[in-house]
RNA sequence: GGGUCGGUUGUGGAGCGGUCAAACACUGGAGACUGUAAAUCUCCCGGCUUUAUGCCUUCACAGGUUCGAAUCCUGUCCGGCCCA
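Residue numbers (the working numbering): 517 to 825.
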């Protein structure tokens, strides 16, 4: 595996074994890992998000000391990056990840993006320009009173180009598009518009590695992993997060493990229901992930991690 | 054994004489994706086909009433509850 000027990207559905594969690849190519996971980005979401059990340690980089999250002696970045009380976003991730990748190259190592959040991975790799418009809760509240067809009509008036591409039945997308247009007074950037900075990615060789053992195996792994997580104290983790000030509503919004554990801890569902509903939701999620990646023809898929090395 | 309520598409569950291949929800399948992405959204889901304001089969089973029955009646089978 030639490593110079190569960015390795490891993707796959949840429970496929991406994280361990990424570590093995890192050892082989002298790499460092950038986690692309919309839940592992938050502090305290550990067991439920499947964060690798690494540790924060001080390491020397030149003259400076730096705190790095190490797992099996491989640095992992963009883990524990934000408080779960705040809201992280693709745009932040894009910026941070690109900066981190540049830094890894500077030190002569190979960056490996590994994660299950397809939108985040693609934002980094393809560098789609994302408008610098922060969420405006007041505007969103106002717009939320409009019906979906009316939101769409409004967007058609303000930004016909975006309106022609957008999913006209998805109110969340419509509101976001309107937010951009109304705040900047300009249309939403076209799809394909690249970021102005960090354009150096164009020269990179990108090596896409997909790991997918298939649904039958995945189902077994999801079940087994779920039992392991309960044993490790996942319910306690969720309870602690709540005691430390995260509302049930917020925990539910994190989805999957956090959502169904929160519902159970509030006694809104039984233990049996929790286990069944959670399993089903994870399974559905893994399918949605695959739908995202299926359209990327550059991914080389492997059923078995050993063969991917 | 007596009474009673029920048996509808994978599941739950509407419909209670004609406009019923069968609402709706869930599961399942396919897909979308420009700062919530573990989110949000779309389509399909009895069979067939020219995928349609199309054809066929259907509402536990067997009979019956009726111009017409998933819907009413009788019996049988199965299940819940109550009384013995």
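The C-beta atom is built at its ideal place from N, Cα and C for all residues, glycine as well.
Since the structure is predicted, the reported quantities are computational estimates derived from the model, not experimental observations.
For residue i, which of helix, strand or coil comes out of DSSP?
i	result
residue 568	coil
residue 535	helix
residue 548	strand
residue 758	helix
residue 795	helix
residue 634	helix
residue 530	coil
residue 627	strand
residue 682	coil
residue 818	strand
residue 523	strand
residue 640	helix
residue 576	strand
residue 813	coil
residue 824	helix
Would you kindly report the start and end of the unbroken beta strand (DSSP E) that includes residue i?
i	result
residue 687	Per DSSP, residue 687 belongs to no beta strand (DSSP E); it is in the alpha helix (DSSP H), 687–700.
residue 615	No beta strand (DSSP E) contains residue 615, which is instead part of the alpha helix (DSSP H) from 606–622.
residue 721	721–727
residue 590	590–593
Rank the options by C-alpha distance to the C-alpha of residue i and give the top, closest one.
i	options	result
residue 557	527, 593, 542 and 531	593
residue 663	690, 678 and 675	690
residue 746	552, 759, 722 and 776	776
residue 544	693, 784, 588 and 632	588
residue 790	595, 778, 603 and 582	778
residue 631	639, 603 and 625	639
residue 816	727, 772 and 759	727
residue 774	673, 755 and 578	755
residue 596	581, 562 and 622	562
residue 909	682, 568, 719 and 603	No statement about residue 909 is possible, as the shown extent of the chain runs from 517 to 825 and does not include it.
residue 633	616, 686 and 565	565
residue 636	685, 809 and 821	809
residue 722	534, 567 and 813	813
residue 687	702, 677 and 671	671
residue 766	546, 555 and 524	555
residue 623	651, 581, 725 and 577	577
residue 584	665, 620, 669 and 787	620
residue 522	661, 617, 680 and 743	617
residue 794	652, 771 and 807	771
residue 552	524, 546 and 579	524
residue 798	731, 709 and 625	731
Might you give, ordered along the chain, the residues of its own chain that have their beta carbon closer than 7 Å to the beta carbon of residue i, omitting 5 neighbours on each side?
i	result
residue 647	696, 700, 704 and 705
residue 659	667, 691 and 694
residue 542	548, 549, 590 and 628
residue 764	758, 778 and 782
residue 606	635, 636, 639 and 646
residue 750	563, 564, 773 and 777
residue 560	600 and 757
Starting from residue i, trace the alpha helix (DSSP H) both ways and give me its first and last residue.
i	result
residue 581	Premise fails: residue 581 lies in the beta strand (DSSP E), 580–587, not in any alpha helix (DSSP H).
residue 649	Run containing residue 649: none; DSSP gives neither H nor E here.
residue 668	664–674
residue 826	Because residue 826 is not part of the residues shown, which for the chain are 517 to 825, the question remains open.
residue 738	731–748
residue 706	Where residue 706 is concerned, there is no enclosing alpha helix (DSSP H), given that its DSSP letter is neither H nor E.
residue 765	764–769
residue 776	772–781
Cutting at 6 Å between CB atoms, please list the residues of its own chain near residue i, excluding the five before and the five after it.
i	result
residue 598	557, 558 and 604
residue 538	526, 549, 628 and 630
residue 674	697
residue 741	531
residue 568	535 and 587
In its own chain, which residues sit with a C-beta less than 8 Å from the C-beta of residue i, not counting the 5 before and 5 after it?
i	result
residue 729	532, 533, 737, 819 and 820
residue 656	691 and 695
residue 579	none
Legend entry - the segment 642–656 / the segment 568–575 touching (three or more Cβ pairs under 8 Å): no
Legend entry - Touching by the beta-carbon criterion (3+ pairs, under 8 Å), the segment 520–536 and the segment 596–612: no
Legend entry - Segment contact, 8 Å Cβ cut-off, at least three pairs: the segment 780–788 with the segment 801–818: no
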